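Numbering (the working numbering), first residue to last: 364 to 569.
Ideal Cβ placement from N, Cα and C applies to all residues, glycine included.
Keep in mind it's a predicted model, so treat the numbers as computed, not measured.
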Ligand code: SF4
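This is the structure we're talking about:
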């Protein structure tokens with residue numbers, strides 16, 4: 364069995380960012396370092412929140428009882444900027460592990476990146492990290508309104524970095540690579556009709 368298009372597209376994005384380009388140089392050339400730092404602060408805040416409020420719920424419901432609907436096979440969109448930021452933050456050994464997983468056909472029902480010790484990404488795709496199932500949200504938010512408020516604030520911060528009705532980090536990372544002659548099918552902020560429409564409506568060039 365050959366690897367499929369999903370694996371090939373992701374491998375190519377990791378190869379562009381990891382092997383063919385100087386990711387820090389390209390990010391710096393567009394003065395995006397400060398935004399990346401702010402994004403990492405945001406992601407750390409998300410990690411603290413999830414560990415503090417959802418660690419027990421997710422462990423009990425999904426992992427111990429095998430109910431997990433998360434991390435299903437090819438169930439997520441990874442943006443090009445997700446890959447770039449993950450490569451920036453990861454040691455080469457972790458990127459090698461990601462590439463090795465992508466080089467193998469996935470016969471299972473779970474995400475190709477799900478290893479024995481969890482996700483192989485150090486900075487997981489934003490879509491994954493900002494997903495909470497209804498059952499987990501009900502369990503926590505029905506008892507703790509402070510947690511619900513913090514989650515709402517984190518969702519607003521997520522939009523700042525990625526929803527393109529204003530200039531965003533995720534769009535700018537793609538633009539920086541395009542300017543340097545690279546192309547990837549994961550550049551959804553330039554290729555997805557829906558996201559391009561949001562940008563056009565906001566008066567932003569696509
Ligand atoms: S990338 Fe990681 S967090 Fe996202 S679905 Fe795959 S294993 Fe799960």
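Cutoff 6 Å; reference residue i; Cβ partners in own chain excluding five residues on either side
{"i": "residue 461", "result": "483"}
{"i": "residue 536", "result": "444, 447"}
{"i": "residue 532", "result": "398, 402, 524"}
{"i": "residue 566", "result": "none"}
{"i": "residue 405", "result": "520"}
Check: residue i C-beta below 7 Å from any heavy atom of the ligand SF4
{"i": "residue 484", "result": "yes"}
{"i": "residue 354", "result": "Here the chain comprises residues numbered 364 to 569, so residue 354 is not present and cannot be evaluated."}
{"i": "residue 448", "result": "no"}
{"i": "residue 438", "result": "yes"}
{"i": "residue 398", "result": "no"}
{"i": "residue 468", "result": "no"}
{"i": "residue 477", "result": "yes"}
{"i": "residue 452", "result": "no"}
{"i": "residue 421", "result": "no"}
{"i": "residue 496", "result": "no"}
{"i": "residue 488", "result": "yes"}
Residues near residue i in its chain [Cβ-Cβ closer than 7 Å; skip 5 each side]
{"i": "residue 558", "result": "527, 551, 552"}
{"i": "residue 375", "result": "547"}
{"i": "residue 511", "result": "504"}
{"i": "residue 521", "result": "489, 493"}
{"i": "residue 449", "result": "484, 485, 486"}
{"i": "residue 365", "result": "468"}
Residues near residue i by beta carbon distance below 8 Å, same chain, minus five either side
{"i": "residue 554", "result": "548"}
{"i": "residue 568", "result": "562"}
{"i": "residue 372", "result": "547, 548, 549"}
{"i": "residue 417", "result": "495, 499, 503"}
{"i": "residue 436", "result": "469, 471, 472, 473, 474, 475"}
Run of the alpha helix (DSSP H) containing residue i, from where it starts to where it stops
{"i": "residue 486", "result": "Counting along the chain, residue 486 falls outside any alpha helix (DSSP H), and DSSP gives it neither H nor E."}
{"i": "residue 549", "result": "Segment: none, residue 549 is in no alpha helix (DSSP H) and carries neither H nor E."}
{"i": "residue 533", "result": "532 to 542"}
{"i": "residue 394", "result": "Counting along the chain, residue 394 falls outside any alpha helix (DSSP H), and DSSP gives it neither H nor E."}
{"i": "residue 561", "result": "556 to 564"}
{"i": "residue 500", "result": "497 to 504"}
{"i": "residue 514", "result": "508 to 525"}
{"i": "residue 374", "result": "368 to 378"}
Distance between beta carbons of residue j and residue i, contact taken as under 8 Å
{"i": "residue 420", "j": "residue 539", "result": "The Cβ separation is near 38 Å, so there is no contact."}
{"i": "residue 464", "j": "residue 476", "result": "6 Å"}
{"i": "residue 545", "j": "residue 379", "result": "5 Å"}
{"i": "residue 442", "j": "residue 514", "result": "Wrong, their Cβ atoms sit about 21 Å apart, outside the cutoff."}
Mind pulling the beta strand (DSSP E) runs of 3 or more residues that sit fully within the stretch 406 to 471?
-> none
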